[in-house]
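Asks: I am attaching a structure below and will ask some questions about it afterwards.
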Amino acid sequence: MKIQKPSRLAVNSVTRRSALKGLGAAAGASAVLSAAPGFVRYSQAQSSEPIKIGFQVHRTGIGASYGRWYERVTNAAAKLINDEGGINGRMVEIVPEDDGTDPKRGAEVVEKFATRHNCDVAFGTLFSHVVIGSAPAAGEQKLPYFVVSEGYHVASGGLNRYVFQPGITDVRQQISSMAPWVSQNLGKKVTMVYPDFAFGHDHRDFFSKAIAAQGGEVLELIPIPPTESSFTRYFPRIPSATEVLYHVMVGPGVLTFVKEMGEHFGSNRPEIFGFIDSLEAVDINSPGLEFLEGSHFWEAYPRYKQANSSAHDALYRKAVGIDDSGASTADPKDVSTASHMFGCWETLFTIKDAMEASGYQSTADRGKLIEAMEAITTIAESREHPQGEKLFNGKIHQSFGKQHISKVAGGRLDVVHTTSLEDGFYEPEADYTTQAL
Amino acid sequence: MSNSVSPRALVLHLGVLVILFALQFVLPPYHNGIAARIMVLAIYAIGYNIAFGYTGLLSLGHAMFFSAGMYGAGMSARLLEFAAPSAFFVGVICAILASCLFGLLALRTAGVAFMIVTLMFSQAAYLVILYFNNVTRGDEGFVIERTLRQIGGLDLADPVVRYNAAFVLLAVCLIGSLYLVSSSTGRVMIAIRENEERTRMLGNNIFAYKLLALTASGTVAGIGGAAYALLFGYTGAAFAEIQYSILPLLWTLVGGAGTTLGPILGTAAMFYLVDIASEFTSAYLFFVGLALVLMILLLPKGVLGTVREKFVRWLP
Numbered sequence: 139m140k141i142q143k144p145s146r147l148a149v150n151s152v153t154r155r156s157a158l159k160g161l162g163a164a165a166g167a168s169a170v171l172s173a174a175p176g177f178v179r180y181s182q183a184q185s186s187e188p189i190k191i192g193f194q195v196h197r198t199g200i201g202a203s204y205g206r207w208y209e210r211v212t213n214a215a216a217k218l219i220n221d222e223g224g225i226n227g228r229m230v231e232i233v234p235e236d237d238g239t240d241p242k243r244g245a246e247v248v249e250k251f252a253t254r255h256n257c258d259v260a261f262g263t264l265f266s267h268v269v270i271g272s273a274p275a276a277g278e279q280k281l282p283y284f285v286v287s288e289g290y291h292v293a294s295g296g297l298n299r300y301v302f303q304p305g306i307t308d309v310r311q312q313i314s315s316m317a318p319w320v321s322q323n324l325g326k327k328v329t330m331v332y333p334d335f336a337f338g339h340d341h342r343d344f345f346s347k348a349i350a351a352q353g354g355e356v357l358e359l360i361p362i363p364p365t366e367s368s369f370t371r372y373f374p375r376i377p378s379a380t381e382v383l384y385h386v387m388v389g390p391g392v393l394t395f396v397k398e399m400g401e402h403f404g405s406n407r408p409e410i411f412g413f414i415d416s417l418e419a420v421d422i423n424s425p426g427l428e429f430l431e432g433s434h435f436w437e438a439y440p441r442y443k444q445a446n447s448s449a450h451d452a453l454y455r456k457a458v459g460i461d462d463s464g465a466s467t468a469d470p471k472d473v474s475t476a477s478h479m480f481g482c483w484e485t486l487f488t489i490k491d492a493m494e495a496s497g498y499q500s501t502a503d504r505g506k507l508i509e510a511m512e513a514i515t516t517i518a519e520s521r522e523h524p525q526g527e528k529l530f531n532g533k534i535h536q537s538f539g540k541q542h543i544s545k546v547a548g549g550r551l552d553v554v555h556t557t558s559l560e561d562g563f564y565e566p567e568a569d570y571t572t573q574a575l
Numbered sequence: 013m014s015n016s017v018s019p020r021a022l023v024l025h026l027g028v029l030v031i032l033f034a035l036q037f038v039l040p041p042y043h044n045g046i047a048a049r050i051m052v053l054a055i056y057a058i059g060y061n062i063a064f065g066y067t068g069l070l071s072l073g074h075a076m077f078f079s080a081g082m083y084g085a086g087m088s089a090r091l092l093e094f095a096a097p098s099a100f101f102v103g104v105i106c107a108i109l110a111s112c113l114f115g116l117l118a119l120r121t122a123g124v125a126f127m128i129v130t131l132m133f134s135q136a137a138y139l140v141i142l143y144f145n146n147v148t149r150g151d152e153g154f155v156i157e158r159t160l161r162q163i164g165g166l167d168l169a170d171p172v173v174r175y176n177a178a179f180v181l182l183a184v185c186l187i188g189s190l191y192l193v194s195s196s197t198g199r200v201m202i203a204i205r206e207n208e209e210r211t212r213m214l215g216n217n218i219f220a221y222k223l224l225a226l227t228a229s230g231t232v233a234g235i236g237g238a239a240y241a242l243l244f245g246y247t248g249a250a251f252a253e254i255q256y257s258i259l260p261l262l263w264t265l266v267g268g269a270g271t272t273l274g275p276i277l278g279t280a281a282m283f284y285l286v287d288i289a290s291e292f293t294s295a296y297l298f299f300v301g302l303a304l305v306l307m308i309l310l311l312p313k314g315v316l317g318t319v320r321e322k323f324v325r326w327l328p
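Protein sequence lines correspond, in order, to chains R and F.
Start counting the first sequence at 139; every next residue gets the next number (the numbering used here).
Start counting the second sequence at 13; every next residue gets the next number (the numbering used here).
Structure representation (C-alpha cells):
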C-alpha cells in the first residue's frame with residue numbers, strides 16, 4: 139500500500155475552488171458555532187497585551203477597611219513589578235471590581251473577570267464567605283483564583299483546584315502555633331470569648347484542641363452573637379480560675395468590648411491574649427483601649443517596626459505607604475491592616491514567579507500555571523516576601539509561615555516571640571492535585 | 013379556581029419567554045452568565061410580587077423563604093448527597109412548610125405590625141442558621157460539589173444547561189403567577205390589597221386567602237433559593253440577611269408591583285445598575301438610591317405599573 143506524505147496530500151488537494159469551498163464551509167460553521175448557546179468567543183491574549191489580574195476587592199460592605207489597604211498594597215506591588223519589566227515581558231494590569239463583601243456579588247465578579255475582562259487570574263479576596271461563594275465560579279470558569287483570606291477553607295479541601303492561598307497563612311496554623319507559647323508563658327486555664335460565627339468557631343475548635351495538646355484546658359467558651367453591641371452580661375461567665383482570657387472580637391463592637399472588659403476586671407485581671415484581627419485598622423492608642431496595656435496579641439506581620447526588622451520590611455513599608463507604627467504616611471490616623479494586607483504583596487509576587495516558571499503567555503496556559511503553583515515548595519524571605527520564609531503545600535494549595543506574638547507596651551506592639559514553621563504544621567486533609575484541570 | 017387569562021396577555025408572556033430563550037444565542041458570554049443569575053433572582057422577585065404586589069402583604073422577611081429553599085436543597089445535597097432533582101424537591105418542600113407555618117403565625121397581624129413580625133422572624137431564621145453552624149456552616153456557608161449538580165447527565169454548572177434550567181424554572185413561575193393572579197383566587201387577592209374590609213364583607217375568608225398567597229409567594233421564593241444553590245453551587249447565611257429581604261422589594265417596586273412581568277424587568281434593571289455603576293464608583297448604592305427616588309417621583313407605580321396605567325390597561 140502506498141502511503142502519501144500528509145504534507146504532500148494537503149498541498150495537492152488544495153485548489154482555488156476547494157479553497158473557496160473550504161472557506162465558505164468554515165465561515166458557515168463559524169456562524170453556526172457563534173450562534174450556539176453559550177459559545178465562548180474568547181480571543182487569545184497577544185503577547186504585547188498586559189497580563190490582567192482581576193482584583194476582587196472589598197471596597198464596600200463589612201470588609202471595606204481591609205479592602206482599602208488591600209488595594210493600596212496591590213497597586214504598590216503591581217507598580218514594582220511593572221517598574222522592573224512586568225511578568226514575562228508583559229505589563230501587569232490590575233482590574234479591580236468591588237464585591238461589596240458579599241458572596242453573591244463575589245461570584246458575579248469572578249465571572250466578570252473571566253468572561254468580560256478576560257483576566258488571566260483573579261486575586262485578592264479576604265472574607266471567607268466571599269471566597270467560598272466565589273470559588274465555584276472560579277472553578278467553572280477555570281480561572282486561577284488567589285485568595286488572601288487566612289480562612290481554612292482552601293486547605294480543608296472544600297473548594298477546588300483553581301483556588302490558592304499562597305500569600306498568607308491559614309487560621310488553623312495560626313491558632314495551633316499560638317497554643318504552646320500561651321500555655322508556657324500565660325497559663326493553661328483558658329476562657330475563650332469569640333464571635334458566634336464561622337471565624338470564631340475556627341478559633342474555638344482549633345485552639346481548644348491545641349491547648350489540650352499542651353496539657354491545658356478551656357474552662358469556658360463564651361460565644362458572642364454577631365448582633366451584640368454590649369458585652370457586660372457575658373463577663374460574669376468568666377470563671378474565677380481563668381488564667382488566660384483569649385479574645386478574638388471583630389467589628390465595630392471591639393472598642394466597647396475592651397472598655398467593658400476593663401470595667402469588669404479593674405486591676406485584678408487574668409492574662410489577656412487576643413488576635414490582632416480585633417484591632418486591625420484601629421489605633422492601639424485609641425481612647426478606651428488603655429486596658430490592653432500589658433496584654434498580648436497574635437500578629438502575622440508586626441504593625442510596628444521592630445528593632446530587628448529587615449531591610450525588606452523597610453522597602454515594603456515605604457512602597458505601600460506605612461510608617462514605623464503601621465499607619466499611613468499620609469495620615470497617621472489611618473492605621474493599616476498590617477497582619478493581612480502583606481498577603482496581597484506576597485501573593486502577587488508568587489503569581490509572578492509561577493507565571494515565569496510556567497512560561498505563561500495567555501489564558502490557554504492556565505493549566506500550566508496551576509501546575510507550576512502546585513510545584514512550589516519553599517518561599518524564601520525576601521523583598522517579595524517580607525513577612526518571612528514559607529513552605530507551600532501544593533496538595534492543599536496553602537502556605538505555612540511563621541507567626542508573631544506581640545505585647546502591648548507603652549502604646550505600641552512589640553514582638554516577644556516568633557513561632558517556628560513547624561509550630562503550625564498539621565496533617566493535610568485534601569489533595570487538589572487529584573482533581574482534573 | 014376559574015381562570016381568565018386573556019389571549020393577548022398569554023401571547024405577551026409567551027413572547028417575553030421566547031425572547032428570553034433566544035437571548036442565549038446572541039448574548040456575549042458575560043451577559044449570558046449574568047442572564048442566568050438574573051432569571052433565578054427574578055423567580056424570587058416573582059414570588060415576592062405575589063404577596064406584596066397582588067395581595068398587599070408588605071413583607072420584610074422573604075429572605076427566610078429564599079434561604080429555606082436554598083438550605084433545603086443545599087443541605088440535602090451536602091449532608092445526604094441527594095442528587096440535584098431530589099435536593100431541589102426538598103428545597104421546595106422546605107419553602108412550602110416555612111411559608112405556611114410562618115403565615116399561620118404572622119398573618120394574625122396586619123400592616124406595620126406584619127412588616128415588623130416578618131422582619132423579626134426572618135432575623136430569627138438567620139440566627140438559627142448561625143446557631144446551628146455545625147451543620148449549616150454558619151456565615152461562611154458551603155460549596156455544593158459539582159458532581160451533585162447534575163440532572164440526567166446534564167451538568168448544571170455548564171453555562172448552556174444552567175441558562176436553560178433557569179429559563180425553564182422562570183417560565184414555569186411566570187406563567188404560574190399569571191394564571192394565579194388571573195384566577196378568581198387572584199382577583200380576591202387583589203381585592204384584599206385594594207380594600208380588605210370590603211372583601212371580607214363579601215364573604216371571603218381573608219385569612220385563608222392571605223395564607224394561600226403567602227404560601228404561594230414563599231414557595232416561589234424558595235424555588236429561587238433552591239435553584240440558586242444548585243445552579244451556582246453555593247449556600248450561605250448571607251442570603252438570609254435582611255438585605256436579601258429588601259432586594260426583592262426594590263426589584264418589584266422598580267419593575268412595577270402588581271404586574272407579572274415587572275419583577276423580571278426590575279431585577280434586570282437593578283442588577284445592571286449596580287454592575288455598571290460599581291465600575292465607576294464605590295458609591296454605587298448612591299445611584300441605586302437616586303434611581304429609586306427618581307422612580308418614586310416620576311414612575312411611582314414602577315415601570316410596567318406606569319405603562320399599564322397610561323398605555324396598556326390590560327397588562328396583568
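Beta carbons: idealized from backbone N, C-alpha and C, even for Gly.
Remember, predicted model here, so these are calculated numbers, not experimental data.
Looking at C-beta atoms only, is the number of pairs between the region 260-278 of chain F and the region 109-117 of chain F that lie closer than 8 angstroms three or more?
Replies: The region 260-278 of chain F, when compared against the region 109-117 of chain F, does not touch it at the 8 angstroms Cβ threshold.
Asks: F:N145 versus chain R: which residues are under 9 angstroms apart at the beta carbon?
Replies: Correct list: D334, F335, A336 and H339.
Asks: Provide the residue span of the alpha helix (DSSP H) that contains F:E291, from first to last.
Replies: Start and end: G274 to F292.
Asks: What separation, rounded to the nearest whole angstrom, lies between the Cα atoms of F:Y296 and R:R243?
Replies: Cα to Cα, F:Y296 sits roughly 13 angstroms from R:R243.
Asks: Do the CB positions of R:I543 and R:M316 come within less than 8 angstroms of each other?
Replies: Yes, these two residues count as a Cβ contact at 8 angstroms.
Asks: Where F:L192 and F:G165 are concerned, what is the direct C-alpha to C-alpha distance, given to the nearest angstrom?
Replies: The alpha-carbon atoms of F:L192 and F:G165 are separated by roughly 33 angstroms.
Asks: For R:V331, count the other beta carbons within 10 Å of its own beta carbon; 16 or more makes it buried, fewer makes it exposed. Which is it?
Replies: When all chains shown are included, R:V331 counts as buried.
Asks: Less than 8 angstroms between the beta carbons of R:I191 and R:V259, yes or no?
Replies: Yes, the Cβ-Cβ distance between R:I191 and R:V259 is below 8 angstroms.
Asks: Would F:A233 pass as a contact of F:G103 if the rule is Cβ separation under 8 angstroms?
Replies: For F:A233 and F:G103, no; Cβs fall outside 8 angstroms.
Asks: Nearest to F:M282 by CA position, among F:E157, F:I163, F:G301 and F:L327, is which residue?
Replies: The shortest C-alpha separation from F:M282 is found at F:G301.
Asks: Going by DSSP, name the residue or residues bridged to R:S496.
Replies: In the DSSP output, where bridge partners are listed per residue, R:S496 has none listed.
Asks: Work out the CA separation of F:L35 and F:T318 for me, nearest whole Å.
Replies: In a straight line, the C-alpha of F:T318 is about 26 angstroms away from that of F:L35.
Asks: Could you name the residues of the region 494-506 of chain R whose beta carbon sits closer than 9 angstroms to any beta carbon of chain F, in the order they occur along the chain?
Replies: The region 494-506 of chain R vs chain F, Cβ under 9 angstroms: nothing.
Asks: For R:E235 and F:G45, which I take to be in contact (beta-carbon distance under 8 angstroms), what is that distance rounded to the nearest angstrom?
Replies: Their Cβ separation, rounded to whole angstroms, is 14 angstroms, which puts R:E235 and F:G45 out of contact at 8 angstroms.
Asks: With contact counted as at least three CB pairs below 8 angstroms, one residue from each stretch, are the region 71-79 of chain F and the region 237-253 of chain F in contact?
Replies: Touching, yes.
Asks: Below 8 angstroms between beta carbons: does that hold for F:K322 and F:T67?
Replies: The answer is no: Cβ separation not under 8 angstroms.
Asks: Using a Cβ cut-off of 8 angstroms (strictly closer), state whether R:K308 contacts chain F.
Replies: In the sequence under discussion, the amino acid at residue 308 of chain R is Asp, which differs from the Lys named in the question. No, no contact with chain F.
Asks: Could you tell me if R:P590 is buried or exposed, where buried requires 16 or more neighbouring beta carbons within 10 angstroms of its beta carbon?
Replies: Chain R is shown from 139 up to 575; residue 590 of chain R falls before or after that span and cannot be answered.
Asks: If you measure beta-carbon to beta-carbon, which residues of the region 164-182 of chain F are closer than 7 angstroms to chain R?
Replies: If the cut-off is 7 angstroms between Cβ atoms, the region 164-182 of chain F has A169, P171, V172 and Y175 near chain R.
Asks: Within 10 Å of its beta-carbon, does R:N531 have 16 or more other beta-carbons around it, so buried, or fewer, so exposed?
Replies: That one is buried.
Asks: Would you mind working out which of F:F298, F:N146 and F:L285 sits nearest R:R342, comparing C-alpha positions?
Replies: R:R342 has its Cα closest to that of F:N146, out of F:F298, F:N146 and F:L285.
Asks: Per DSSP, which one or two residues make a beta bridge with R:G545?
Replies: Per the sequence presented here, residue 545 of chain R reads as Lys, with Gly not at that position. Partner(s): R:H434 and R:D552.
Asks: Go to R:Y564, then tell me how far its beta strand (DSSP E) extends in each direction, as first and last residue.
Replies: Run containing R:Y564: none; DSSP gives neither H nor E here.
Asks: Is DSSP giving R:L297 helix, strand or coil here?
Replies: Three-state result, R:L297: coil.
Asks: For the region 132-160 of chain F, which residues have a beta carbon sitting closer than 9 angstroms to at least one beta carbon of chain R?
Replies: Residues passing the 9 angstroms Cβ filter: Q135, L139, L142, Y143, N145, N146, R149, G150, D151, E152, G153, F154, V155, I156 and R158.
Asks: For the candidate residues F:S294, F:G27, F:L22 and F:L32, whose alpha-carbon lies nearest to that of F:A280?
Replies: The residue with the shortest Cα to Cα distance from F:A280 is F:L32.
Asks: Let's see if you can read the secondary structure: which residues bound the beta strand (DSSP E) around R:D343?
Replies: No beta strand (DSSP E) contains R:D343, which is instead part of the alpha helix (DSSP H) from A336 to A351.
Asks: With a threshold of 16 other CB atoms inside 10 Å of the CB of F:L214, please say whether the residue is buried or exposed.
Replies: Exposed, by the Cβ-count rule.
Asks: Any beta carbon of chain R sitting closer than 8 angstroms to that of F:P97?
Replies: Not one chain R Cβ lies under 8 angstroms of F:P97.
Asks: R:G464 by DSSP, collapsed to three states: which one?
Replies: Three-state DSSP puts R:G464 in coil, outside helix and strand.
Asks: Using a threshold of 8 angstroms, state whether the C-beta atoms of R:T380 and R:L357 are closer than that.
Replies: The answer is yes: Cβ separation under 8 angstroms.
Asks: Check whether the region 293-305 of chain R touches the region 211-229 of chain R, counting contact only when three or more Cβ pairs, one atom from each stretch, lie closer than 8 angstroms.
Replies: The answer is no - the region 211-229 of chain R does not touch the region 293-305 of chain R, with fewer than three Cβ pairs under 8 angstroms.
Asks: Anyone know if the C-beta pair for R:V553 and R:P440 falls short of 8 angstroms?
Replies: In this structure, R:P440 lies closer than 8 angstroms to R:V553 by Cβ.
Asks: What did DSSP end up calling R:P425 once you bin it into helix, strand or coil?
Replies: Three-state result, R:P425: coil.
Asks: According to the Cβ coordinates, are F:L117 and F:A225 closer than 8 angstroms?
Replies: Contact: no.
Asks: If you drop the 5 nearest sequence neighbours on each side, which residues of the same chain put their C-beta closer than 6 angstroms to that of F:A21?
Replies: If we look at F:A21 and ignore the five residues flanking it on each side, its Cβ neighbours are P328.
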